[in-house]
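Encoded as structure tokens, the structure appears first; notes follow it.
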Amino acid sequence: MRPEAALRTGALGDLLAVLPDEAAVRAVRPDLAALADLTRREELRGIIVTAAAASADSPRRRPTGTREEDP
């Protein structure tokens, strides 16, 4: 799925991908090898996936260095 918006956080080095809704965030199945390649190539600290949500302010999924994914 292509995000509705992809924003860089500047000096923080994160990429924020905005999906259309909460269901789209829940459906994300990250390709961790591709994300690791993108992170190295673009010199990113991390990649955050989010959307507006009915059940919370914003659902997010963000893999970390010590765990593959933060549920």
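In the numbering used here, the protein residues as written are 46 to 116.
Glycine included, each C-beta is placed from N, C-alpha and C at the ideal position.
Practice task
May I have the straight-line CA-CA distance separating Pro-116 from Leu-80, to the nearest angstrom?
Solution key: Model confidence at Pro-116 stands at a pLDDT of 49, short of 50, so the residue's coordinates are unreliable; what they give is reported in the following sentence. Near 17 Å, if we compare the C-alpha coordinates of Leu-80 and Pro-116.
Review point. Mapping DSSP to helix, strand and coil, what is Gly-55?
Key: Looking at Gly-55 - three-state DSSP - the assignment turns out to be helix.
* To do: Please name the residue, chosen from Arg-53, Ser-100, Ala-99, that lies closest to Glu-87 on a Cα-to-Cα basis.
  => When only C-alpha atoms are compared, the closest one is Arg-53.
- Query: Going by DSSP, which residues form a beta bridge with Ala-50?
  - Reply: Note: Ala-50 sits in a beta bridge opposite Val-63.
Item to complete: Would you give the residue range spanned by the alpha helix (DSSP H) that Asp-82 belongs to?
Response: It spans 77–86 - the alpha helix (DSSP H) in which Asp-82 sits, taken as one unbroken run.
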